[in-house]
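In this note's numbering, the protein residues as written are 274 to 338. These notes are about the structure you will find just below.
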């Protein structure tokens with residue numbers, strides 16, 4: 274997880290992203306995560322793969338936060 278003045282970047286394996294999101298939620302108690310999946314000039318195939326991994330391996334674990 275990278276923290277920048279403009280927000281937080283979740284990165285790593287799906288399992289790591291789940292842990293990062295749960296940690297942020299525990300600290301902030303936020304109700305919504307606003308996600309941007311494409312940053313800069315990332316290839317579309319990489320963005321699509323990331324979205325699929327989020328759908329299949331991250332979202333089921335953070336859906337009820």
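The C-beta atom is built at its ideal place from N, Cα and C for all residues, glycine as well. Quick caveat, the model's predicted, so the values are computed rather than measured.
| Item | Value |
| --- | --- |
| Runs of beta strand (DSSP E) lying entirely within the segment 291-338, each at least 3 residues, in chain order | none |
| Neighbour-count burial assignment, residue 308, 16 or more Cβ in a 10 Å radius | exposed |
| Stretch pair the segment 314-323 + the segment 279-298: three plus CB contacts closer than 8 Å | no |
| Contacting residues, own chain, Cβ-Cβ under 8 Å from residue 300 (five flanking each side not counted) | none |
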